[in-house]
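The opening position of the sequence shown corresponds to residue 220 in this note's numbering, with each subsequent residue numbered one higher.
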Amino acid sequence: MPPSPALLVVADGDRWRPYAASLPTRRSFELTTIVSGSRCVGSSNGWLALSVVGSIDETVFVLLNPIAAMEIILPPLIYEHEDESRRDWVSKLVFTLCPAKDDFAAAAICDIDMIAYVTADAKRWAVMDPVRLTSEVGDQLTDVVYTDKGKVYCLSKSEDVHVLRLPKCWRRKPANADEAGPSEPEFSVLQSPPPPPPPTEHTIIVPHRFGNIRSHWG
């Protein structure tokens, strides 16, 4: 693991093979390869929040620690929207410090005026009521900050700050977590390292009085 502080670097020629540039050691460390098509929608303390299109064209949200090669697959997030192509669109996703598969919470901006949240033991996200925005044309939520005290601070394009309190049971499960929902998909954004190349066979010809002898080794 590279010493802190470190900077995540993605090379231009290999978009999905990230590196960690350690400032104290002035060295770079190759990290776990990420599948192509990932969109970063948040980051915190070495973790990335990724939006990835799955095998059946549905969006999968993943919390990924590329240094430790750890990932947490979040439940599906689908909300009502007139445009079906934006029913799972998220512009920003935030989450608790040091998340674990059995202990995490996350909140996300859905569409332009809604916040959804999920915890470790929930089968799906809970979508809160829309935030009351100004009547200005183009106003929408642009940023969100999550706190461990159950508060979500939302910043709108008109520079208004909205504070949302998650339900008291937010640490355990969202209000609609008991509703039937799809189970966690068998999905991973981590790519297995390529198999090592087969050993190269070398041939050497050794002169001998009865004729040349060919010797092979890998």
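Beta carbons are placed, not taken as given, at the ideal position from N, Cα and C, and that holds for glycine.
Do you know how far the Cα of residue j is from the Cα of residue i?
i: residue 340; j: residue 360; result: 27 angstroms
i: residue 295; j: residue 312; result: 14 angstroms
i: residue 286; j: residue 257; result: 17 angstroms
i: residue 349; j: residue 327; result: 13 angstroms
i: residue 268; j: residue 357; result: 26 angstroms
i: residue 308; j: residue 333; result: 11 angstroms
i: residue 354; j: residue 375; result: 12 angstroms
i: residue 238; j: residue 314; result: 23 angstroms
With a 10 Å radius around its C-beta and 16 neighbouring C-beta atoms as the bar for buried, classify residue i as buried or exposed.
i: residue 382; result: exposed
i: residue 245; result: exposed
i: residue 318; result: buried
i: residue 242; result: exposed
i: residue 378; result: exposed
i: residue 322; result: exposed
i: residue 367; result: exposed
i: residue 431; result: Since pLDDT at residue 431 reaches only 49, below the 50 mark, its modelled position is unreliable, and no value is offered.
DSSP on residue i, reduced to helix/strand/coil?
i: residue 343; result: coil
i: residue 245; result: coil
i: residue 320; result: coil
i: residue 380; result: strand
i: residue 356; result: coil
i: residue 403; result: For residue 403, the predicted model reports a pLDDT of 47, less than 50, meaning its position is unreliable and no value from the coordinates is stated.
i: residue 350; result: coil
Go to residue i, then tell me how far its beta strand (DSSP E) extends in each direction, as first and last residue.
i: residue 370; result: 370-375
i: residue 258; result: 257-263
i: residue 309; result: 309-314
i: residue 335; result: 333-338
i: residue 296; result: Element bounds for residue 296: n/a, residue is neither H nor E.
i: residue 278; result: 278-284
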